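The structure appears below as structure tokens.
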């Protein structure tokens, strides 16, 4: 059970009073501060905190506020002293780059994109035009039924397809990934960035790798020239981001793509309209395994687990996935990719390109002299499907067979998910949440989205019959697989994945795990009679509490009002009242 649902309404006023600025910002320090792959990972963390994007938070025009425009005026920016650069100092001299920290220089530490400030550094990698025929004036007919521009594409249309996609490359590990795909009889789509993280222009440094991608049946697409936030650019700058990549692709292949993915998944109304005029399909995703957040060998298991849950949540008999990862990270390119490919084969999916999963013929994927594409990708282990087939993550009844299993405890017609087989319990309550106790399975239970009348095949949750007594406490252990929360009976405190338990019940250390939408409170589980008001210490600090009867026990949740106003670390003076005989500490829980 996710306590976020209990608390959201009660605390909405407090949340509004928080003094945090949710917009991403950069810490400015002395020196050029080259950050490369690691900084790209951190920046993406700030821009892409969701997994996967839901209907409420998919990128739309209102996401344009993430960054202020870097160049809102067409007026020339004056040259500064060629030492400091930026809005307060002016631009560097011709031939120089302006680093992320605001210093002029000429080495990769200053010039690598997307950190180099293209408005103030004329020689930033993002400002360098590749060699080759200019495509600016090419005809751009809109072919096929897949929409161009607009709010974008999130889902495949062909049942049984998994479109595995990678952003930001090619890079050092991409060639080995191609070997793995070939061995598994699978293909992917590579959203290629032309000149980022100091890797060099793709038509100079990675021409052979990109040629091999196409030759082996993969689809190549655009992830812009230097991975800038498109909503922070002028029309001319945004056009250059697309055209420069086209020139490089065309120089390598003799054609260039019609599919693109916006960096940081940000493309507001103006960007959407410009992509339409340039003839691009804006492509997002409905499954993000977050490898870029878990790049250490000790953490990649988190992303592996996300993939495995996705395989349980949907069946190739009636579903599909449009997946996203990033091939510039070694653990993604090796451990995670090999696991994904093994899993695709084992579960009977077809690993295909984005164009294929959308039913778009290959001749529409590119502009120019497009080669023939006759790769027939079939499932190595074909799934056994029937009208009453049961697979991991789907119900055996025809009424539930097309519904994905809930991964976030929501259910019912609004969520479009079933509780049957979920880790939260098989019953869908009148309020649209999964569980296994009488409030979920009794009066108001929704039979079309799970089991009702107290019948549950799930052992998730704590029922009255199994509730701990005064002489016992619920079983809880430190997470070893990245999962956490009450439903999993695991705490993040002390885990290798991080001490914060996110709204998706995964451990981590990022803002998405610990910040707004993360778990910022404490849950205590009491199965004895106890006056919880004693827990508000005599220190006179304002103490807020909420309790919920669940499975015959009482769950107490406490938080300090000061935290919501100032964002300061809170302390609980009442901690000395807590006895391990009565309480279990699960870690930070979501508001």
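Numbering (mature numbering (1 follows the signal peptide of the UniProt record, and there is no 0)), first residue to last: -19 to -1, 1 to 572. All C-beta atoms in this analysis are idealised placements derived from N, C-alpha and C, irrespective of residue type, glycine included. Quick caveat: nothing in here was measured; it's all calculated off a predicted structure.
CA nearest to the CA of residue i, picked from the options
{"i": "residue 127", "options": "341, 433, 403 and 97", "result": "341"}
{"i": "residue 416", "options": "141, 388 and 90", "result": "388"}
{"i": "residue 109", "options": "148, 159, 62 and 184", "result": "184"}
{"i": "residue 290", "options": "487, 67 and 276", "result": "487"}
{"i": "residue 254", "options": "71, 130, 422 and 64", "result": "130"}
{"i": "residue 332", "options": "218, 59, 58 and 363", "result": "363"}
{"i": "residue 139", "options": "86, 218, 317 and 337", "result": "337"}
{"i": "residue 73", "options": "141, 60 and 270", "result": "60"}
{"i": "residue 296", "options": "69, 385, 268 and 196", "result": "385"}
{"i": "residue 298", "options": "86, 392 and 141", "result": "141"}
{"i": "residue 217", "options": "117, 397 and 111", "result": "117"}
{"i": "residue 111", "options": "282, 246, 229 and 426", "result": "229"}
{"i": "residue 65", "options": "84, 58 and 57", "result": "84"}
{"i": "residue 311", "options": "275, 326 and 328", "result": "275"}
The beta strand (DSSP E) enclosing residue i, as first and last residue numbers
{"i": "residue 303", "result": "302 to 307"}
{"i": "residue 203", "result": "200 to 203"}
{"i": "residue 236", "result": "236 to 238"}
{"i": "residue 127", "result": "No beta strand (DSSP E) contains residue 127, which DSSP labels as neither H nor E."}
{"i": "residue 349", "result": "347 to 349"}
{"i": "residue 171", "result": "170 to 173"}
{"i": "residue 147", "result": "146 to 148"}
Neighbour-count burial assignment, residue i, 16 or more Cβ in a 10 Å radius
{"i": "residue 264", "result": "buried"}
{"i": "residue 221", "result": "buried"}
{"i": "residue 424", "result": "exposed"}
{"i": "residue 461", "result": "exposed"}
{"i": "residue -1", "result": "Legend: pLDDT at residue -1 = 30, less than 50; position of this residue unreliable, value from coordinates given subsequently. With fewer than 16 Cβ atoms within 10 Å of its Cβ, residue -1 is classed as exposed."}
{"i": "residue 463", "result": "buried"}
{"i": "residue 293", "result": "buried"}
{"i": "residue 482", "result": "buried"}
{"i": "residue 339", "result": "buried"}
{"i": "residue 413", "result": "buried"}
{"i": "residue 407", "result": "buried"}
{"i": "residue 489", "result": "buried"}
{"i": "residue 82", "result": "buried"}
{"i": "residue 209", "result": "buried"}
{"i": "residue 369", "result": "Note that residue 369 has pLDDT 33, beneath the 50 cutoff, so the model's placement of it is unreliable and no number is given."}
{"i": "residue 433", "result": "buried"}
{"i": "residue 353", "result": "exposed"}
{"i": "residue 390", "result": "buried"}
{"i": "residue 246", "result": "buried"}
{"i": "residue 350", "result": "exposed"}
7 Å Cβ cutoff met for residue i and residue j
{"i": "residue 309", "j": "residue 181", "result": "no"}
{"i": "residue 238", "j": "residue 205", "result": "no"}
{"i": "residue 288", "j": "residue 143", "result": "no"}
{"i": "residue 314", "j": "residue 154", "result": "yes"}
{"i": "residue 324", "j": "residue 137", "result": "no"}
{"i": "residue 179", "j": "residue 114", "result": "no"}
{"i": "residue 202", "j": "residue 240", "result": "yes"}
{"i": "residue 322", "j": "residue 157", "result": "no"}
{"i": "residue 401", "j": "residue 431", "result": "yes"}
{"i": "residue 365", "j": "residue 166", "result": "no"}
{"i": "residue 198", "j": "residue 224", "result": "no"}
{"i": "residue 212", "j": "residue 249", "result": "yes"}
{"i": "residue 317", "j": "residue 279", "result": "no"}
{"i": "residue 200", "j": "residue 418", "result": "no"}
{"i": "residue 277", "j": "residue 303", "result": "no"}
{"i": "residue 99", "j": "residue 107", "result": "yes"}
{"i": "residue 306", "j": "residue 270", "result": "yes"}
{"i": "residue 421", "j": "residue 403", "result": "no"}
Limits of the alpha helix (DSSP H) - the one that residue i falls within
{"i": "residue 335", "result": "335 to 338"}
{"i": "residue 318", "result": "318 to 328"}
{"i": "residue 432", "result": "Careful: residue 432 lies outside any alpha helix (DSSP H) and carries neither H nor E."}
{"i": "residue 419", "result": "419 to 422"}
{"i": "residue 155", "result": "155 to 165"}
{"i": "residue 90", "result": "89 to 92"}
{"i": "residue 284", "result": "281 to 294"}
{"i": "residue 192", "result": "188 to 196"}
{"i": "residue 248", "result": "Run containing residue 248: none; DSSP gives neither H nor E here."}
Min CB distance residue i to chain C below 7 Å
{"i": "residue 296", "result": "This model lacks chain C altogether, as it is built from one protein chain only."}
* Asked: Is the segment 226 to 242 touching the segment 185 to 197, taking contact as three or more C-beta pairs under 8 Å?
  -> Verdict: yes, contact present.
* Indicate whether the contact test is met: 3 or more Cβ pairs, each with one atom in the segment 118 to 126 and one in the segment 254 to 268, closer than 8 Å. => The segment 118 to 126 is in contact with the segment 254 to 268.
* **Three CB pairs or more closer than 8 Å across the segment 165 to 182 and the segment 89 to 100** => With contact defined as three or more Cβ pairs closer than 8 Å, the segment 165 to 182 and the segment 89 to 100 are in contact.
* Three or more C-beta pairs closer than 8 Å, one from the segment 66 to 77 and one from the segment 98 to 113: is that the case here? -> Judged by Cβ distances under 8 Å, the segment 66 to 77 makes contact with the segment 98 to 113, as three or more pairs qualify.
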